[in-house]
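Peer 1:
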Amino acid sequence: MKEVKTPRKPLAIYYALVLLMLLLLNFVLLPWMGERQIKEVDYGTFMTMTEEKNIGRVDIESNQIIFTDKDETQVYKTGLMNDTGLTERLYDAGATFSSEIVEQSSPVLSFLIWFVLPIILFSAIGNQMNKKLMEKAGGGPGSMMFGGMGKSNVKVYVQSTAGIRFADVAGEDEAKENLQEVVNYLHDPSKYESIGAKMPKGILLVGPPGTGKTMLAKAVAGESNVPFFSISGSEFVEMFVGMGASKVRDLFKQAKEKAPCIVFIDEIDAIGQKRSGGQYGGNDEREQTLNQLLTEMDGFEGNTGVIILAATNRPESLDPALTRPGRFDRRVPVELPDLKGREEILKVHAKKVALAPGIDFTTVARMASGASGAELANIVNEAALRAVRAGRKSVTQSDLEESIEVVIAGYQKKNSILTDHEKCIVAYHEIGHALVAAKQTHSAPVQKITIIPRTSGALGYTMQVDEGNHYLMNKEELENKIATLTGGRAAEEVVFHSITTGASNDIEQATKLARAMLTRYGMSDEFDMVALETVNNQYLGGDTSLACSAQTQCEIDQKVVELVKAQHAKAVQILTDNRAKLDELAQYLYQKETITGDEFMEILNREG
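Numbering (the working numbering) for the sequence shown: 8 to 615.
1. Compute the distance between the beta-carbons of L258 and S231, then report whether it is under 8 Å.
2. Are the beta-carbon atoms of A523 and L492 separated by less than 8 Å?
3. Over the uninterrupted alpha helix (DSSP H) stretch that includes M470, give me the two end residues.
4. Where does I458 fall in DSSP's three states?
5. So if DSSP puts R337 in a beta bridge, which residue, or which two residues, is it bridged to?
6. Using the three-state DSSP reduction, which class does C268 fall into: helix, strand or coil?
7. By the three-class DSSP mapping on this structure, what secondary structure does S450 have?
8. Among the candidates T457, M250, Q404, V413, whose CA atom is the shortest distance from the CA of K430?
9. How many Å lie between R321 and Q280 at the Cα?
10. Would you tell me roughly how many angstroms separate the C-alpha atoms of R338 and L211, rounded to the nearest one?
11. Is the beta carbon of K566 less than 8 Å from the beta carbon of S531?
12. What is the rounded straight-line gap between the Cα of L425 and the Cα of I610?
13. Specify whether the region 575 to 583 and the region 433 to 445 touch according to this definition: at least 3 beta carbon pairs, one from each stretch, less than 8 Å apart.
14. Three-state secondary structure (DSSP) at I73?
15. Assuming contact is defined by CB atoms lying nearer than 8 Å, are F271 and F243 in contact in what I supplied?
16. Among D78, T85, V568, whose alpha-carbon lies nearest the alpha-carbon of S69?
17. Contact check, A616 vs S405 under 8 Å by CB: the rounded distance?
18. In whole angstroms, give me the CA-to-CA distance for G509 and N191.
19. Run the CB neighbour count on A375, radius 10 Å, all protein chains shown included, and call it buried at 16 or more, exposed below.
20. In the DSSP output, which residue or residues are listed as bridge partners for A317?
21. Less than 8 Å between the CB atoms is what I'm expecting for A131 and V341, so what's the real figure, rounded?
22. Give me the Cα-Cα distance between Y528 and R399, rounded to the nearest whole angstrom.
23. By a C-beta neighbour count over all protein chains shown, 10 Å radius and 16 as the cutoff for buried, is V568 buried or exposed?
24. Hey, C268 and A262 are a contact pair by Cβ (cut 8 Å); roughly how many whole angstroms apart?
25. Let me know if D605 comes out buried or exposed under the rule of 16 or more other beta-carbons within 10 Å of its beta-carbon.
26. What would DSSP say about D78, mapped onto helix, strand or coil?
27. Measure the CB-CB distance between R256 and E303 and report whether it falls below 8 Å.
28. Can you find the residues in the same chain that come closer than 8 Å, C-beta to C-beta, to A384, ignoring five residues on each side of it along the sequence?
29. Using only alpha-carbon positions, find the residue among K60, A587, Q71 that is nearest to A498.
30. Is DSSP giving P125 helix, strand or coil here?
31. Does the distance from the CB of L346 to the CB of G377 come in under 8 Å?
32. Counting C-beta neighbours from all protein chains within 10 Å, is the total for L124 16 or more, i.e. buried, or is it exposed?
33. I'd like the span of the beta strand (DSSP E) that includes S239, first residue to last.
34. Just to check my reading of the structure: G63 and T103 have Cβ atoms closer than 8 Å, yes? What is that Cβ distance to the nearest angstrom?
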């Protein structure tokens, strides 16, 4: 059940209460307290207390006398009379007083203290309240004061010889080749101008998160040795209409002053999303900002020496007016690295850590299939942390391989203790996956099998690693993969004649793959090459949506069930035919808890 949080009271309410209390204190309580402390008496009482020498301090003002008793515990006041012998009597009474008449406080001073000072105080509190509100609304401190409204707050990095270079960004050779042209232009624009060529006004970097889009932009600036302006698309989003557009104008003004330079807008989809067709909406400020960006890029000449780079992982959401030629002319894909790219990325990040001799980066790169550059950097760092925890001075091959498992499945749960029966079920479940995979053709070899629980919730897993890059899969390979996914549940049925909850993730993956075969890959005779499903946000998980009638959807569901059931039956048959090996391998895994692919294949191929 989703937790419902109580909304916080607006900050303005607290400031209003503080102001109200100050006003009450200034205009009501202080005068009232002053009046309550001073007791007004007649002149005769003053004379009597003087004669009785029960008087302490006396202050004679222009129209009244303020005095205290001998102990100075009570303050009195009385009117001023024309009394020529007053001074002598006060001397005789031992009173402390000034020989000069104390004039009443100046009206100007009273005005300054009681009116001007509170206004200054309230203004300071109001400014502080405005600062807090603007920070909560997305604006910077002082964005509505002292000329701060509309400032872009862009970060400027002047790249030097120590900046990021293309050599620091591995695994994206095609993207670097596309961007090398920008570097050449900034170094020698006359070579392009002499032939009439114009450099693209804007270059859009698209790809999944963590593939190095920002690093590539910084590398372009580092290679060109020019100023690098960096700002996020979300920094243009403001509470008030027009402020984001003002920030865009300020950004381009600064860029033109420092040309040649590079302006990098990260996550440009925050302001570049498609505009709605309605007249009224809640995105008016964002649309005004986008309109200003479009205008600035149109009035932006290619020979000014300013290159606009932008990055996004949602290119399908961008407004067509932003991506048309003349604005963002070129799109540079920054995809997940292939096997060679992963190996190069690992080597780049491994330069920063101490490595033991004999590290095989090719094996590590194969095991990290589908990992982005950021994930590979995290793998190397996790390996270094593991080496420190083990008390070693360098990173070993086992550290790198274990760190891949940490990134994929989480850390080992050493405090999670399974019962013997549960441990046996998990062992058969994982061997079921591995045995079904090994007995089929076109299946990736088994690299490792373990029944040690992980923090991701997995009680065990079977790792399969392709020996090379694999870009296409045929129908038979996909069906074999579904059969492998059902192998764990099939092993439970064959051995224990019951089923558990351990196959939940297998079921999800098998169903998703079977549905994709029918709706996206056209691998069915009934639907042939008809697209029944579309992919949204291909770089952010690849959510899908059906594009068919309800009747067709029912037919798809039936075909998905038939396909998964057929592969499940195949897995059951494979395990039944190889029951002896299933028992032998499961018992071995039960005792060892973790076995390698070589150990698995040795037992499987052993006769007996």
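For each residue, glycine too, the CB sits at the ideal point set by N, CA and C. Owing to the predicted nature of the structure, the values given are computational and were not obtained by experimental measurement.
Peer 2: The structure says:
1. No, the Cβ-Cβ distance between L258 and S231 is not below 8 Å.
2. Not in contact: A523 and L492 (Cβ atoms no closer than 8 Å).
3. For M470, there is no enclosing alpha helix (DSSP H); the residue is part of the beta strand (DSSP E) that begins and ends at 468 to 471.
4. Coil at I458, not helix or strand.
5. Answer by DSSP bridge pairing, in chain order: I210.
6. Three-state DSSP puts C268 in a strand.
7. In the three-state scheme derived from DSSP, where H, G and I count as helix and E and B as strand, S450 is classed as coil.
8. The option with the nearest alpha carbon to K430 is T457.
9. C-alpha of R321 to C-alpha of Q280: approximately 9 Å in a straight line.
10. Roughly 5 Å between the two C-alpha positions.
11. K566 is a Cβ neighbour of S531, given a cutoff of 8 Å.
12. The alpha-carbon atoms of L425 and I610 are separated by roughly 25 Å.
13. Segments in contact, yes.
14. In the three-state DSSP reduction, I73 falls in the strand class (E or B).
15. No Cβ-Cβ contact shorter than 8 Å links F271 with F243.
16. With distances taken between Cα atoms, S69 lies closest to T85.
17. Outside the modelled stretch of the chain, which goes from 8 to 615, sits residue 616, for which no answer is possible.
18. When rounded, the separation of the alpha-carbon atoms in G509 and N191 is 56 Å.
19. A375 counts as buried, since at least 16 other C-beta atoms from the protein chains shown sit within 10 angstroms of its C-beta.
20. BP columns for A317 point to L211, I272.
21. Between V341 and A131 the Cβ distance is about 49 Å, and since that is not below 8 Å, they are no contact.
22. For Y528 and R399, the distance between alpha carbons rounds to 49 Å.
23. By the Cβ neighbour-count rule, V568 is exposed, with fewer than 16 other Cβ atoms within 10 Å of its own.
24. Between C268 and A262, the beta carbon gap of about 6 Å places them in contact (Cβ cut-off 8 Å).
25. With fewer than 16 Cβ atoms within 10 Å of its Cβ, D605 is classed as exposed.
26. In the structure shown, D78 sits in coil (DSSP, three-state: anything other than H, G, I, E or B).
27. Cβ distance < 8 Å, so R256 and E303 count as in contact.
28. The residues are I352, H356.
29. The residue with the shortest Cα to Cα distance from A498 is A587.
30. Correct three-state label for P125: helix.
31. In this structure, G377 does not lie closer than 8 Å to L346 by Cβ.
32. Exposed is the call here.
33. Membership of S239 in the beta strand (DSSP E) is indicated by the continuous run 234 to 239.
34. Contact flag correct, Cβ pair sits at about 7 Å.
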